[in-house]
Every structure is written in structure tokens, then in C-alpha cells.
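So the structure is just underneath, and the comments pick up after that.
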Amino acid sequence: MKKILVFFMILFSIAFSKEYVITKYIENRPVISVEYNGPKQVKTILDMDLKVLDHFNINETAPYKFIFTYNKQTKTLEVDYVKNAKTILIKKYHSNSYAFFPFLVHRAIYDINEYFKLPSAKFLIRKVIYSVLVAPKEANIYLADYTLSYKKRLIAGGLNIFPKWADEKQTTIYFTKYERLPVLYKFNIYTGKLQKILSSQGMLIVSDVKDNKLLLTLAPNGSPDVYLFDTKTKKLTQITHYKGIDVNGKFWGNNIIFISDRYGNPYVFQKDLSTGAVSRVLYQGKNQVGVDAFNDKLVISTRESSNAFKPNTFNLFLVNANDDSLKRLTMNGQNMFPNFSVDGNSIMFIKRVNFLSKIGIIRLEENKVFYYPLRKTLQSFDW
90 MKKILVFFMI LFSIAFSKEY VITKYIENRP VISVEYNGPK QVKTILDMDL KVLDHFNINE
150 TAPYKFIFTY NKQTKTLEVD YVKNAKTILI KKYHSNSYAF FPFLVHRAIY DINEYFKLPS
210 AKFLIRKVIY SVLVAPKEAN IYLADYTLSY KKRLIAGGLN IFPKWADEKQ TTIYFTKYER
270 LPVLYKFNIY TGKLQKILSS QGMLIVSDVK DNKLLLTLAP NGSPDVYLFD TKTKKLTQIT
330 HYKGIDVNGK FWGNNIIFIS DRYGNPYVFQ KDLSTGAVSR VLYQGKNQVG VDAFNDKLVI
390 STRESSNAFK PNTFNLFLVN ANDDSLKRLT MNGQNMFPNF SVDGNSIMFI KRVNFLSKIG
450 IIRLEENKVF YYPLRKTLQS FDW
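Using the working numbering, the first residue of the sequence shown is number 90, and each one after it goes up by one.
Here it is as C-alpha cells:
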């Protein structure tokens, strides 16, 4: 168990640096103009969405104009679609709380993106769930938008960690709560219903969700392995069998990818579920401490330095299984826990400044990186 703790301490040793992203750039962006009336806070989010999305050229003389009006009293955002000085469409967005306005703006920009049939912008409207360490042996779980401008505490009291969305509609989450034993719960963010799923000795973490199948990291006998759990049949199947460390399983087509120290240092491996064959995925770097999958792509966090007395460099790499291509996404610094967006066009990851955290977002097609800071230590997240 001491070896396991050291391994996870390495995973959480993170610092700050500047990124350079090597990707493609979107061409032929629509030219629009934007007009806004309302509180400055709402305007800030509007400007941020347009900048992060980067699907439009802004020009005051454009034939398309979008007029945003936010009424703080009614908590309503109205967007007028204007073409050649004629209003062709009006959309209204309403919330029960002023604090929820970031989601209204995100949805409005998403809808404009859909109107022009541009590449997916689903990352704008996804909710983020994350755990923050607030005291020794105490962590709370929060709901936020992708900019972390909206924050709502969902779960408090005790050590509540490793939240994971349980469904595509983002109505329920899984999370681990450390009681006498670690316990996996399912929680409805709207109704507050809490359901106990299972408990185990050692550690218990949900690393991936696919329909009614969960990939878990369990250590009932001291050494962690990857398990498959069926929430309908309650069947638990051990996927990896190794006396060292096998963690962070992810679904990847007919394979399961995971991180293992079976070569001494942690690296990303894949296991073919039909043949049982296990093979290493990437040979770049000193070790690999984070991985996520989307269709044929993997994003992997890799250590590239061996510093004894200063922070090491961890960079993100994009792997494509179709052509075995490898793209470096960051050039320096320490970048961990990459997580693809639901459309695969963006990657969210964690960066820490001393003991503080930042969420970073890489826009793969737009060649840009954005950061959103937290005042406290971010333990884990999902979006």
C-alpha cells in the first residue's frame, strides 16, 4: 500500500508553465457582429465563449448581427438573429437564478454555432464536476461550467473524491466517499438521491463509464487492479492481474487501456478483451501518469525530465491508432489528468501552481489553450 501512495503522490506533484499547442486551424469562419446590453459579468462570459470557441470573425459591418440582451430582473437572455438589418430569429434563455447566467450564454453561443453548422461546440454546454480538498481528510464536490465561473457545492462532509458523470445527460454522478471503507455512491444532482453501489478494501475509484459498465480501480488485497462492474447484473470482473500497480482503466474500442508499473515506471498499456493480450501503447518519455481515450485517439501525460531537486516536466501527447501518429500538445511545464470533451475536439487537464490548481482547455482544431484558476487544490474532475 505504501508503494501505491507514493505512486499517487507522483501523480499529484504538478506546477505551472506556458503551453504551445501543435494542431490544425479552422478556415472559412463566418463573419458576424455582436451587440450586447446588460450586466458586465454576462458580457465577460460572452466574450470568453467567442474567444475560446474561435469559430467566428467579428466585424461590425458583417451581414449577420447577433444582439444579446440580458435582463437581470427576469433572469432572461434574449438573442436576436439579424441578417441584412432584418430580424430572422429570436431565442430566449431563462434560469431561476442569476448565478446560472454562464450556462445561458454558453447555450446561446452553442446555438449560434449550430445555426452555421460549424464543428461541434458541445464543450460549451457541458457541466463540469470536480472535487476540491478543503481540509485534511475532507473534500467537497462541486458543479461548474467549463470556465468555473458558476460553482455550486453538491456534496460536503468527509472525503468525497473522484467524481465521474454516470450518464450522458449529466443528471447523476459516481463518487468515492471514504468511510470505514471506501464506498462508491451514485448521486442525482437534481433530486439529491444517494445510492450506495459497492464498497471495498484499499481503494475504490471509477475511472470510466460506458452505459451500464464501469471500469474501477480496486485494491482488495493491497495491489490495485482494473475491474469491470455491470451496474445491472452487479457482476464484478477482474480485468488485470498484476502484483504491482494497474490503475485508471479506460474503454478504447475492444480494448481496455490502463496505467501500470509492470516495467518498473508507470506506462500506458492496452489489453485486448478478446485475446487477453497486453501491450505497451507509447514509448515516449520517462513514464506516463495520465491517459484518456476518444474513438481512435488517446491523450497521454508523459514525464520527460528526471530532476531530483526541481519539478519535472510532464507534457501531453495525442496518439492516433489509425496511423500510429504522435502529436505533442504541450512543450513544457507539468500537465496532468487529460480528459477529452464529448465531441473529442477539446481536452481538459489539470495544472497546479504550488498547492493551487488550474483547469486548462486545449482546443485541438483552434490551436489555443485557456486556463481557469481555482483557489483550492483540485483533486479530480470530469466533464
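Ideal Cβ positions, reconstructed from N, Cα and C, are used throughout, including at glycine. Note that this is a predicted model, so its numbers are computed, not measured.
Excluding sequence positions up to five before and after Ser-395, its CB lies within less than 8 Å of the CB of Lys-375 and Asn-401, all in the same chain and listed in chain order.
Residue burial is scored here from C-beta neighbours: Arg-464 has fewer than 16 other C-beta atoms within 10 angstroms and is therefore classed as exposed.
Straight through space, the alpha carbons of Thr-265 and Lys-285 are spaced by roughly 10 Å.
A straight line joining the alpha-carbon of Lys-253 with that of Lys-175 spans about 45 Å. Here His-330 carries a coil assignment [DSSP, helix/strand/coil]. Per DSSP, Asp-300 lies in no beta strand (DSSP E) and is assigned neither H nor E. By the neighbour-count criterion, in which 16 or more other beta carbons inside 10 Å mark a residue as buried, Arg-441 falls on the buried side. In this structure, the beta-carbon distance from Asn-384 to Asp-361 does not fall below 7 Å.
Taking C-beta atoms as the reference points, Lys-282 and Ala-255 fail to come closer than 7 Å.
The continuous alpha helix (DSSP H) containing Leu-193 extends over residues 190–204. Of all alpha-carbon atoms in Leu-243, Gly-338, Asp-300 and Pro-313, the one lying nearest the alpha-carbon of Lys-258 is that of Asp-300. DSSP places Gln-259 outside both helix and strand once states are collapsed to three, so it counts as coil.
Judged by DSSP secondary structure, Thr-133 falls within the alpha helix (DSSP H) whose first and last residues are 129–142. By the Cβ-count criterion, Gly-379 is buried, with 16 or more other Cβ atoms from all chains shown falling within 10 Å of its own Cβ. In the same chain as Lys-211, and ignoring 5 residues on each side of it, the C-beta atoms closer than 7 Å to its own belong to Ser-430, Val-431 and Asp-432, in chain order. Apart from the 5 residues on each side of it in sequence, Asn-202 sits with its Cβ closer than 7 Å to the Cβ of Leu-142, His-144 and Ala-210 in its chain, given in chain order.
Rounded to the nearest whole angstrom, the C-alpha separation of Asn-411 and Ser-469 is 30 Å.
Of all alpha-carbon atoms in Gly-365, Thr-364 and Asp-413, the one lying nearest the alpha-carbon of Leu-387 is that of Asp-413. The stretch 192–206 and the stretch 223–231 do not touch, with fewer than 3 CB-CB distances between them shorter than 8 Å. Using a Cβ distance threshold of 7 Å, Pro-191 and Ser-238 count as a contacting pair.
Cβ contact annotation for Arg-452 (same chain, cutoff 6 Å, sequence separation greater than five): Ser-435, in chain order.
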